[in-house]
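The next block holds one structure in the form of structure tokens; read it before the comments.
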Amino acid sequence: MWGIVQKDGDIYRFVPSVAPLKEKYRISDRYGYRTHPISGERQFHAGLDMAAVYAATVHAAASGTVTFAGETPGYGKTVVVTHRFGFQTRYAHLTLIYTRKGAKVEKGDVIGFVGSTGISTGNHLHYEVIKNQKRINPLNFIYGTK
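Quick note: the sequence shown, position 92, residue 92 per full-length UniProt numbering, numbers continuous.
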């Protein structure tokens, strides 16, 4: 995990290192090239899709500041949290946003609930990890996954 995540101090607190869903989920689509389930076109998928029950709680993967909480055409209801060390996390397709732009959140705080808003084929969380403006594989930042 970038060789910097530790279980103590600011690095652990402000670097995404836990799954944003604590309830049972299934990885329904991974980071990388795929055939888009709606358009049928081959394209790059820059996040991780985590299928879960409707309204499952979504938690901040690290402490930071909410820099976007609103709706976009593709992602539907979305939250973006900006963390230290050049990290951001994006949580999309929410049924309900449970925070606001400018709010300070701690790792584990509830920020929304799983839904299927925007361009979506069912209830899931689309989760992205962004480092210095580049979207990277979220599985590298969820402790205990491969």
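Cβ coordinates follow ideal geometry from the N, Cα and C atoms, glycine included.
Suppose you measure from the CA of residue i to the CA of residue j; what does that come to, to the nearest Å?
i: Asp-29; j: Gly-70; result: 23 Å
i: Ile-27; j: Leu-48; result: 7 Å
i: Val-5; j: Ala-61; result: Residue confidence for Val-5 is low, a pLDDT of 48 falling below 50, so the modelled location carries little weight; the figure read from the coordinates is stated next. If I take the Cα positions, the gap works out to 13 Å.
i: Glu-23; j: Ala-52; result: 8 Å
i: Met-50; j: His-126; result: 6 Å
i: Phe-87; j: Val-79; result: 14 Å
i: Phe-44; j: Thr-67; result: 25 Å
i: Thr-72; j: Ile-11; result: 31 Å
i: Thr-35; j: Asn-137; result: 18 Å
i: Asn-140; j: Lys-131; result: 12 Å
i: Tyr-25; j: Arg-42; result: 25 Å
i: Ser-120; j: Tyr-33; result: 17 Å
i: Asn-123; j: Val-105; result: 24 Å
Around the C-beta of residue i, are 16 or more other C-beta atoms found within 10 angstroms, so that it is buried, or is it exposed?
i: Gly-102; result: exposed
i: Val-110; result: exposed
i: Gly-64; result: buried
i: Ile-38; result: exposed
i: Gln-133; result: exposed
i: Phe-85; result: exposed
i: Tyr-75; result: buried
i: Lys-146; result: Annotation note: pLDDT 46 at Lys-146 (below 50); position unreliable, no value reported.
i: Lys-107; result: buried
Near residue i, which residues of its chain fall below 8 Å by C-beta distance, leaving aside the five closest residues on each side in sequence?
i: Leu-96; result: Ala-55, Lys-77, Gly-112, Phe-113 and Gly-115
i: Leu-94; result: Val-58, Gly-76, Lys-77, Thr-78, Val-79, Gly-112, Phe-113, Val-114, Gly-115, Thr-117 and Leu-125
Only counting the same chain, and skipping five residues up and downstream in sequence, which positions put a Cβ closer than 6 Å to that of residue i?
i: His-83; result: Phe-14, Ala-62 and Gly-64
i: Arg-90; result: Val-80 and Glu-128
i: Ala-92; result: Tyr-75, Thr-78 and His-126
i: Arg-100; result: Ala-69
Sorted by chain position, which residues of the same chain lie with C-beta nearer than 7 Å to residue i's C-beta, five sequence neighbours on each side aside?
i: Ala-46; result: Tyr-31, Glu-128 and Arg-135
To the nearest whole angstrom, what separates the beta carbons of residue i and residue j, a pair I think is in contact under 8 Å?
i: His-59; j: Pro-20; result: 5 Å
i: Val-18; j: Tyr-143; result: 6 Å
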